[in-house]
Amino acid sequence: MNRVKAIPKWTWLIFLVVVFLIFPFFVKKEFYLHVMIMTFLFALLAASWNILGGFTGYVSFGHAVFFGLGAYSVAVLGKNFAVNPWLGSITGALVAIGLASIIAFPSFQTGLRAHYFAIATWAVGEVIRVIFMNWMYVGGATGIMIPLTEPSLLNYQYHTNKVPYYYIIFSFLVLEIVLIYFITKSRFGYYLRAIKGNEEAAENIGINTTLFKHLAYYLSATFVAIGGAFYAQYELYFDPPMVFHVGISMKMILPAILGGIGTICGPIIGAAIMIPLDQFLRAYLGGIGSGINFIIYGLLVLIVVVFKPKGIYEFIGNLFKKGKGEQ
Amino acid sequence: MSNGGKESLLEVRNLTKRFRGVIANQDINMEVNSGEIIGLIGPNGAGKTTLFNMITGTRPKGASRLPDSGAVYFKRVKITGMKPNSICKLGLVRTFQLVRIWEEMTVLENVMTGVFRAMRSAREARKKSEDLLKFTGLYTKLDYLGSSLTIADKKRLEITRALGTKPDLLLLDEPMAGLTTTEINEALELIRQIHDQGITVLLVEHVIEAVMSIAHRVVVLDNGQKIADDRPEKVARDKRVIEAYLGEEYHVKS
Amino acid sequence: MILQILVSGSMMGLIYALVAVGLTLIWGVMDIINFAHGDLMMLGMFVSYWAFVFFGIDPLASIPLSAIGLFLLGMLLYKLIIKRIIDAPLITALLATYGISLVLKNLALLFFGPDYRTIKNPLLEGSWRLGGLYVSVPKAIGAIISVLVIVLIYFFIKKSQTGRAIQAISMDRQAALLVGVDVGRLYTITFGIGAACTGVAGAILSNFFTISPESGSTYVLLSFVIVALGGFGSITGALSAGVLIGIAATLGGFYISPAFKFAIIFAAYLVVVMIRPEKGLFGW
Numbered sequence: 019m020n021r022v023k024a025i026p027k028w029t030w031l032i033f034l035v036v037v038f039l040i041f042p043f044f045v046k047k048e049f050y051l052h053v054m055i056m057t058f059l060f061a062l063l064a065a066s067w068n069i070l071g072g073f074t075g076y077v078s079f080g081h082a083v084f085f086g087l088g089a090y091s092v093a094v095l096g097k098n099f100a101v102n103p104w105l106g107s108i109t110g111a112l113v114a115i116g117l118a119s120i121i122a123f124p125s126f127q128t129g130l131r132a133h134y135f136a137i138a139t140w141a142v143g144e145v146i147r148v149i150f151m152n153w154m155y156v157g158g159a160t161g162i163m164i165p166l167t168e169p170s171l172l173n174y175q176y177h178t179n180k181v182p183y184y185y186i187i188f189s190f191l192v193l194e195i196v197l198i199y200f201i202t203k204s205r206f207g208y209y210l211r212a213i214k215g216n217e218e219a220a221e222n223i224g225i226n227t228t229l230f231k232h233l234a235y236y237l238s239a240t241f242v243a244i245g246g247a248f249y250a251q252y253e254l255y256f257d258p259p260m261v262f263h264v265g266i267s268m269k270m271i272l273p274a275i276l277g278g279i280g281t282i283c284g285p286i287i288g289a290a291i292m293i294p295l296d297q298f299l300r301a302y303l304g305g306i307g308s309g310i311n312f313i314i315y316g317l318l319v320l321i322v323v324v325f326k327p328k329g330i331y332e333f334i335g336n337l338f339k340k341g342k343g344e345q
Numbered sequence: 419m420s421n422g423g424k425e426s427l428l429e430v431r432n433l434t435k436r437f438r439g440v441i442a443n444q445d446i447n448m449e450v451n452s453g454e455i456i457g458l459i460g461p462n463g464a465g466k467t468t469l470f471n472m473i474t475g476t477r478p479k480g481a482s483r484l485p486d487s488g489a490v491y492f493k494r495v496k497i498t499g500m501k502p503n504s505i506c507k508l509g510l511v512r513t514f515q516l517v518r519i520w521e522e523m524t525v526l527e528n529v530m531t532g533v534f535r536a537m538r539s540a541r542e543a544r545k546k547s548e549d550l551l552k553f554t555g556l557y558t559k560l561d562y563l564g565s566s567l568t569i570a571d572k573k574r575l576e577i578t579r580a581l582g583t584k585p586d587l588l589l590l591d592e593p594m595a596g597l598t599t600t601e602i603n604e605a606l607e608l609i610r611q612i613h614d615q616g617i618t619v620l621l622v623e624h625v626i627e628a629v630m631s632i633a634h635r636v637v638v639l640d641n642g643q644k645i646a647d648d649r650p651e652k653v654a655r656d657k658r659v660i661e662a663y664l665g666e667e668y669h670v671k672s
Numbered sequence: 496m497i498l499q500i501l502v503s504g505s506m507m508g509l510i511y512a513l514v515a516v517g518l519t520l521i522w523g524v525m526d527i528i529n530f531a532h533g534d535l536m537m538l539g540m541f542v543s544y545w546a547f548v549f550f551g552i553d554p555l556a557s558i559p560l561s562a563i564g565l566f567l568l569g570m571l572l573y574k575l576i577i578k579r580i581i582d583a584p585l586i587t588a589l590l591a592t593y594g595i596s597l598v599l600k601n602l603a604l605l606f607f608g609p610d611y612r613t614i615k616n617p618l619l620e621g622s623w624r625l626g627g628l629y630v631s632v633p634k635a636i637g638a639i640i641s642v643l644v645i646v647l648i649y650f651f652i653k654k655s656q657t658g659r660a661i662q663a664i665s666m667d668r669q670a671a672l673l674v675g676v677d678v679g680r681l682y683t684i685t686f687g688i689g690a691a692c693t694g695v696a697g698a699i700l701s702n703f704f705t706i707s708p709e710s711g712s713t714y715v716l717l718s719f720v721i722v723a724l725g726g727f728g729s730i731t732g733a734l735s736a737g738v739l740i741g742i743a744a745t746l747g748g749f750y751i752s753p754a755f756k757f758a759i760i761f762a763a764y765l766v767v768v769m770i771r772p773e774k775g776l777f778g779w
């Protein structure tokens, strides 16, 4: 017998949300706030990636493109056209959807297989990165700076205070998680999982797989772009490698794998482990640290992938299952 | 073509399909009338799978889903060349020889995904799915993971899921393969019950006793051509069929 | 001018092809997408470098060293990690090899440092003048060696007993198992050969390329593109696609811009793949 036991998560979740909400009142040190902000950001990104990769089963290695497009949209529109960054974010999401459709149409209509799709997304990522490195209008390799304005929520910008950024990104994360939760309970969610489980069976059961793959991709890209826009407004300066490098794409995938691909909480758990580790190692070990944390990631990935492919989420889940043996 | 007063549900007209250099289906003509149970039999390589694929819109590996000539009509709509999901929406659904349930989803979730073809609300879909599972006898295994089921139950699940799409015509691809005698009898009983609900059934099968005992009519393919299309007793005595497939004279259990 | 570009491009292409052959072998036989392929090449480069610095061995002579060293490393990686992910879903394999890549690259960073290095005054340097063309000596010899190795591997796979067993498992593993083929051993060898190929390419490139732990990352996507274009598992495909890509890259670099050299290739790859999803340019 192999029964999946429902774990009562509500109490834990509310507890966590409350903890995170009051966190900035107790923790004032900038560095810790920064770590939390980065963790929330990458949890957002990983959860977004997971919509296409984990739920629908289409692995993308070039998801960083949407991150960068979100960042650059907000930066370029703000700098050259004085467009409000919130509008810039929405534009960034639209641009991301635009690019996603350019990739999706040839890929999904022709039934491109998983291997090829993964590499194609990686190739797109590289092409875009090189373009932005050499595109003077957006700053090229020198990067781009967000014009400084009065710190305010409307201007999506603060200078000395990290706390508002903390709440902004936390809100985005909560919003996305709630959305994903409702999706998993809806027809859309069932259909995505069916596509991942066996696409041909899904088609034969009446599912327009092409349509739903498109939708999953656009949804995924939108949230990543919003994350990118946030990043731009947070750092106030960036260059192409900071937002388009394949390492960023990997930072979206690894937490999802680590925490449990295809689950709601998995990417968050994964990010909660990886990002603080990354930040602390980098802070305390400096340049060498940057190398060591990747070695640790690499080993972590290997361990998870080889020994516990369902990720830590399953591991924790198993702790809650009361003695139901497997057949 | 005389239907004996029955409504023609599926019509295959002059269907020819070349596949991998062989003529897999040559000028096939057949029909399925509403309320019938039709068996499709023949030796390996006769073209049953290709015909099945042409009807269901499944793309054979490395080939197109269009026939070289001829067409298939379902409810008078030409379905050749249509994608499987569109065909399903018309009321034609299939199962697979190598059963394709979603292993990582529960029994209930599998069925709900099928039921969503007919309704959007998750709550309604759950209710309908539970009813279907009661009908097919899998209700007690509601929240079992697909991967934990026996072959027989997986096939039963696949059928349940297909029923969720509210089909008028159910195509079964070797449903008895890999089943024990008891399981075969249970499967036959299920097919009878489905038929009693008003659903027309077309099954491809190698287990001859099973087909002969349940089908109203049996279509026999050999070498890409249809060589018989009649009641089971008649087909069992047909010389061409015996030569091509059945071997010695086969006696139908009436 | 065109001829010059064609010649240079082909030579580089042949060297890229060697990397791709290693990758396509692993992919075709074991269905493993080896993300660490570029980093294995990088290690091949470093083997040459350190052999030169510590023992004064010329890069040309250290090719066998790289070959053997990477072959052994490949086998080790197989035994430790790869064998556990055969048959795993795509993403598992991708991430496992990505994990290996991370570890290898960053260990190299840690121990060798990030600096770019070059081998000074190797045996092979300068260019020959053939007619009106300048043919770079290291590239030419490198290309010749690459072709030799590719041909060697081709005949090994096609003609030798081990090679034919490897072909058998890539076509139908179950059947091969049934006739008693030691699949594990053959997979180990295959992975080793794949790693050795890329190691040799690294040794060749160390003659005239800068060497750094980052070197692997630059070439990994390129080798994937070559494999995809040539057909997964096809040695001849990898060879032809490699040459094509080499020429295209040189042409692109010359006529459009050096910075966009590879970007153009990737864009072209995207176009090809969208039009011919399964078969690349040459089919299987």
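Just so you know, the sequences run in chain order U, L and S.
Quick note, the first sequence lines up with residues 19 to 345 if you use this note's numbering.
Quick note, the second sequence lines up with residues 419 to 672 if you use this note's numbering.
Quick note, the third sequence lines up with residues 496 to 779 if you use this note's numbering.
We put the beta carbon where it would ideally sit given N, CA and C, even for glycine.
None of these values were measured; they are calculated from a predicted model.
Interface residues of chain S facing residue i [CB-CB closer than 7 Å]
i: Trp140 of chain U; result: Leu716
Nearest-angstrom Cα separation, counted from residue j out to residue i
i: Val632 of chain S; j: Phe135 of chain U; result: 39 Å
i: Phe43 of chain U; j: Pro169 of chain U; result: 20 Å
i: Ile162 of chain U; j: Val145 of chain U; result: 19 Å
i: His624 of chain L; j: Asn462 of chain L; result: 9 Å
i: Asn603 of chain L; j: Ile569 of chain L; result: 15 Å
i: Gly533 of chain S; j: Arg147 of chain U; result: 19 Å
i: Lys671 of chain L; j: Leu621 of chain L; result: With a pLDDT of 46 at Lys671 of chain L, under the threshold of 50, the predicted position of this residue should be treated as unreliable, and no value is reported.
i: Gly608 of chain S; j: Leu681 of chain S; result: 36 Å
i: Leu197 of chain U; j: Gly732 of chain S; result: 46 Å
i: Ile473 of chain L; j: Gly439 of chain L; result: 21 Å
i: Thr657 of chain S; j: Leu520 of chain S; result: 14 Å
i: Ala243 of chain U; j: Glu429 of chain L; result: 51 Å
i: Phe206 of chain U; j: Arg541 of chain L; result: 14 Å
i: Ile32 of chain U; j: Leu39 of chain U; result: 10 Å
Where residue i meets chain U, residues with beta-carbon distance less than 9 Å
i: Phe553 of chain L; result: Neighbours of Phe553 of chain L on chain U: none; closest Cβ ~18 Å, over 9 Å.
i: Gly725 of chain S; result: Ordered by position in chain U, no residue passes the 9 Å Cβ test against Gly725 of chain S, which lies about 13 Å from the chain.
i: Val511 of chain L; result: Asn222, Ile223 and Gly224
i: Phe587 of chain S; result: For clarity, residue 587 of chain S is Thr in the given sequence; the question names Phe instead. Here the neighbours are Ile275, Val323, Val324 and Pro327.
Interface partners of residue i on chain S, CB under 8 Å
i: Pro285 of chain U; result: Neighbours of Pro285 of chain U on chain S: none; closest Cβ ~14 Å, over 8 Å.
Identity of the residues DSSP links to residue i by a beta bridge
i: Val490 of chain L; result: L:Val430
i: Ala646 of chain L; result: L:Val638
i: Tyr629 of chain S; result: S:Arg624
i: Leu765 of chain S; result: Answer is none; Leu765 of chain S lacks a bridge partner.
i: Gln175 of chain U; result: U:Ser170
i: Glu449 of chain L; result: L:Glu429
Partner residues on chain U for residue i, Cβ-Cβ distance less than 7 Å
i: Thr583 of chain L; result: Ile223 and Gly224
i: Arg579 of chain S; result: Val324
i: Tyr764 of chain S; result: Ala141
Residue i: contacting residues in chain U (beta-carbon distance under 8 Å)
i: Met530 of chain L; result: Tyr208
i: Glu521 of chain L; result: Gly215
i: Ala663 of chain S; result: The contacting residues do not exist; Ala663 of chain S stays about 23 Å from chain U at best.
Residue i: contacting residues in chain L (beta-carbon distance under 8 Å)
i: Ser204 of chain U; result: Ala540
Beta-carbon neighbours of residue i, restricted to chain S and to distances below 9 Å
i: Leu317 of chain U; result: Gly594, Leu597 and Val598
Worksheet item: Where are the alpha helix (DSSP H) runs, 4 residues long or more, that stay fully inside the region 526-606 of chain L, in chain order?
Response: 540-554 and 569-581
Discussion item. Taking contact to mean 3 or more Cβ pairs, one atom from each stretch, closer than 8 Å, check whether the region 547-565 of chain S and the region 718-727 of chain S are in contact.
Written reply: no
Worksheet item: If you pair each beta-carbon of the region 697-706 of chain S with each one of the region 633-653 of chain S, do three or more pairs fall below 8 Å?
Response: Under the 8 Å Cβ criterion, the region 697-706 of chain S counts as touching the region 633-653 of chain S, having at least three qualifying pairs.
Discussion item. Across the region 171-190 of chain U and the region 246-263 of chain U, are there enough close Cβ pairs to call them in contact, namely three or more that are closer than 8 Å?
Written reply: yes
Worksheet item: Quick check: the region 499-518 of chain S against the region 478-493 of chain L, are there 3 or more CB pairs under 8 Å?
Response: no
Practice prompt. Any chance you could list the alpha helix (DSSP H) runs of at least 4 consecutive residues sitting entirely within the region 505-548 of chain S, in chain order?
Written response: none
Discussion item. Taking contact to mean 3 or more Cβ pairs, one atom from each stretch, closer than 8 Å, check whether the region 520-533 of chain L and the region 604-612 of chain L are in contact.
Written reply: no
Worksheet entry | Every unbroken alpha helix (DSSP H) inside the region 128-214 of chain U [4 residues or more] | Listed in chain order, they are 132-152 and 181-203.
Worksheet item: How do the region 741-756 of chain S and the region 529-544 of chain S stand: do at least 3 beta-carbon pairs fall below 8 Å, yes or no?
Response: no
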